[in-house]
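All remarks here apply to the structure that follows.
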Amino acid sequence: MLVLDLTIDYVWMIMFALGGARNTPPKIFRELLFLSGCSVIIGYTLYNTGTIGGWGTAAGASVLAFVIGPGTSGQLQNLASGLSIQLEKQFVVGDWVEFEGFLGQVSSISWSNTTLFDDLSDRTIVVANSTIDQSIIINHSKAAPSYKVHVAVGLPYEMRPELAHELLVEAIQSHGNVLLAKPVEVVLKSFGASSIDYELYFYIRDYALRRQVLTEVRSRIWYAVQRRGFSIPFPIVDLRPISTERRLAQTELSNQRQECFSALRCLALLSPLSDQELQRLALSEPVILYGVGEFIIARNDSDRSMFVLLSGECDVMVGGEHEDGPLRQVATLVKGTLFGEMSAFTDSPRSACIVAKTSVSVLKISQASIQQIFVNNEKALEGIVELIAKREAGLKAFTATQTRDLEESLLAQMGATLRRFWGYGADEV
């Protein structure tokens, strides 16, 4: 019997290696084959030794008929259902299934019942096979190793559907557990009392992480909505006078602009600019919010704006030799840091990606605003060029001659950028 058991197990292992779990004969067939073989071995041995004869066989059958009576009909039904489940491959061990209001990962399938692990409540659920056989089964793992999930969200009526679609797709971009190669769907479900209701469908790599992924995606949607000047709608009755609401909004905006000016004034690189020029930037440029893991500057980003980090932290990420290779972290930016200035001043390609490490707010200064200031303030341009050159020279241990050459090169690049952007001649710049 030991040799028989080892032989059957070895054959099943080969079948599993060649065809996988879904193409291997059901486990119950292996058990039936083993029991049948054991019965033949035991029966032959007893018959050869004369232990049983015609009367002995009849007596054994009578006892067996007494044991398998009406009281065991439920077990026989479970056995038949278990055979059906495994024969039809409705699900296999490791699949995420849902039936009778239970959701979990299949950990075992026996003759009489199926065991699920419910990761939500950290518990084991044992369900009779006959119950499963009469239920509607939802198998979330049929498309494994990808799993389709969805997020429902209500967005304001003021937001165009095209913008809503863009915003929702943006929320799953660059997420490590989202399969962007699989189809992403945005469905306008209904027009609600307070919002337009959408559903975002996408695929993830690991179903066990579905709650974490959905939480992160919902958080990203909130930040994306805020960045575009909207808010998640909800039923509300506002009894405040309009004048009071406007006054509060103006006070908040004034405080925010003062914070932006203070951050700009503290930057050594912008010290050649006057208070008036910095006030203009603080009043005209937008403050943008980003959630954890979102890209502020991405690879091949065509936007040439520069940013001031008002709150939070960001990671500086660079790639390898291949453009589509993995990114690695090289530095962390903290509150009060200016970044993206080289591309903004010289129009050079982005050399690194900036990713929000925490929830962050940034002041985004467009290249157009920068060009406007420098067209009217050549002295400030020269001062910033000198500061950038000294900073780069300090990092690379340049000599005085190399530093001057770098200043001339940067000034030429900035001048070319100004001429290209505004259409001025070389002498005018």
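If you read the sequence shown in this note's numbering, its first letter stands for residue 2, the second for the next number, and so on. Ideal placement from N, C-alpha and C gives every residue a C-beta, glycine not left out.
**Prompt:** Hey, which unbroken runs of the alpha helix (DSSP H) at 4 residues or more fall wholly within the stretch 271 to 320?
**Reply:** Qualifying alpha helix (DSSP H) stretches, in chain order: 276 to 285.
**Request:** Rounded to whole angstroms, what's the CA-CA distance from phenylalanine 308 to leucine 117? Just pull it up for me.
**Result:** The count along the sequence shown starts at 1 and reaches residue 308 at position 307. The count along the sequence shown starts at 1 and reaches residue 117 at position 116. C-alpha separation (whole angstroms): 50 Å.
**Asked** What separation, rounded to the nearest whole angstrom, lies between the Cα atoms of alanine 427 and tyrosine 158?
**Response** The residue you call residue 427 lines up with position 426 of the sequence shown. The residue you call residue 158 lines up with position 157 of the sequence shown. A caution first: alanine 427 carries a pLDDT of 39, below 50, which makes its placement in the model unreliable, though a value can still be read off. In a straight line, the C-alpha of alanine 427 is about 49 Å away from that of tyrosine 158.
**Message:** Here's the rule: buried if 16 or more other CB atoms are within 10 angstroms of the residue's CB, otherwise exposed. What is glycine 95?
**Reply:** Walking along the sequence shown from the start, residue 95 turns up at place 94. Flag for glycine 95 reads exposed.
**Asked** From this set, Gly193, Phe203, Ala194, which residue's C-alpha is nearest lysine 183's C-alpha?
**Response** Looking up residue 183 in the sequence shown gives position 182. Per the Cα distances, Phe203.
**Request:** Decide if aspartate 316 is buried, meaning its Cβ has at least 16 other Cβ atoms within 10 Å, or exposed.
**Result:** As a working mapping, residue 316 is identified with position 315 in the sequence shown. It counts as buried.
**Prompt:** Secondary structure at leucine 180, three-state DSSP: helix, strand or coil?
**Reply:** On the sequence shown, position 179 is the one that residue 180 refers to. Leucine 180 sits in coil when the DSSP states are folded into three classes, being neither helix nor strand.
**Terminal residues of the beta strand (DSSP E) in which aspartate 186 lies** = Residue 186 sits at position 185 when you count from the first residue of the sequence shown. This sequence places glutamate at residue 186; aspartate is not what is there. Per DSSP, glutamate 186 belongs to the beta strand (DSSP E) from 186 to 192.
**Message:** I need the boundaries of the alpha helix (DSSP H) containing tryptophan 223, first residue and last residue.
**Reply:** To locate residue 223, count along the sequence shown from 1; it is residue 222. Here the alpha helix (DSSP H) through tryptophan 223 covers 211 to 228.
**Asked** Per the contact definition of three or more C-beta pairs closer than 8 Å, is the stretch 130 to 145 in contact with the stretch 90 to 108?
**Response** yes
**Item:** Straight-line Cα distance separating glutamine 91 from leucine 7
**Value:** Against the sequence shown, residue 7 aligns to sequence position 6. Against the sequence shown, residue 91 aligns to sequence position 90. Cα to Cα, the separation comes out at about 28 Å.
**Message:** Across the stretch 183 to 193 and the stretch 209 to 221, are there enough close Cβ pairs to call them in contact, namely three or more that are closer than 8 Å?
**Reply:** no
**Prompt:** Got a sec, what are the start and stop residues for the alpha helix (DSSP H) serine 344 sits in?
**Reply:** Position 343 of the sequence shown holds residue 344. From DSSP, the alpha helix (DSSP H) with serine 344 extends over 342 to 347.
**Request:** Assess, as a yes-or-no matter, whether the stretch 163 to 179 is touched by the stretch 113 to 127 under the definition of 3 or more beta carbon pairs within less than 8 Å.
**Result:** These segments do not touch.
**Asked** Using DSSP with H/G/I as helix, E/B as strand and the rest coil, what is alanine 62?
**Response** For the purposes of this step, residue 62 is taken as the residue at position 61 of the sequence shown. Its pLDDT being 48, under 50, alanine 62 is placed unreliably by the model, and the measurement read from it follows with that caveat. Residue state, collapsed to three classes: helix.
**Request:** Just mark tyrosine 11 as buried or exposed, buried being the case when its beta carbon has 16 or more other beta carbons within 10 Å.
**Result:** Walking along the sequence shown from the start, residue 11 turns up at place 10. With a threshold of 16 other beta carbon atoms within 10 Å, tyrosine 11 falls short and is exposed.
**Prompt:** Mind checking whether glycine 320 and threonine 359 have CB atoms under 8 Å apart?
**Reply:** Counting from 1 along the sequence shown, the entry for residue 320 is found at position 319. Counting from 1 along the sequence shown, the entry for residue 359 is found at position 358. Cβ distance not < 8 Å, so glycine 320 and threonine 359 don't count as in contact.
**Request:** Output the distance between the C-alpha atoms of valine 93 and isoleucine 110, rounded to the nearest integer angstrom.
**Result:** Numbered from 1 along the sequence shown, position 92 holds the residue referred to as residue 93. Numbered from 1 along the sequence shown, position 109 holds the residue referred to as residue 110. If I take the Cα positions, the gap works out to 8 Å.
**Asked** Per the contact definition of three or more C-beta pairs closer than 8 Å, is the stretch 277 to 290 in contact with the stretch 258 to 266?
**Response** yes
**Message:** Tell me which residues share the same chain as arginine 443 and place their Cβ nearer than 8 Å to its Cβ, disregarding the 5 neighbours each side in the sequence.
**Reply:** What the structure shows of the chain is the stretch from 2 to 430, and residue 443 is not part of that stretch, so it cannot be assessed.
**Request:** Would you please state the rounded distance, in angstroms, between the beta carbons of histidine 176 and valine 218? I believe it to be under 8 Å.
**Result:** By one-based count along the sequence shown, residue 176 stands at place 175. By one-based count along the sequence shown, residue 218 stands at place 217. Right, the Cβ-Cβ distance comes to about 7 Å (below 8 Å), so this counts as a contact.
**Asked** What does a CB cutoff of less than 8 Å around arginine 300 pick up in its chain, not counting 5 residues either side in sequence?
**Response** Sequence index remark: in the sequence shown, residue 300 carries index 299 (1-based). Excluding sequence neighbours, arginine 300 sits near Gly320, Glu324, Arg351, Cys354.
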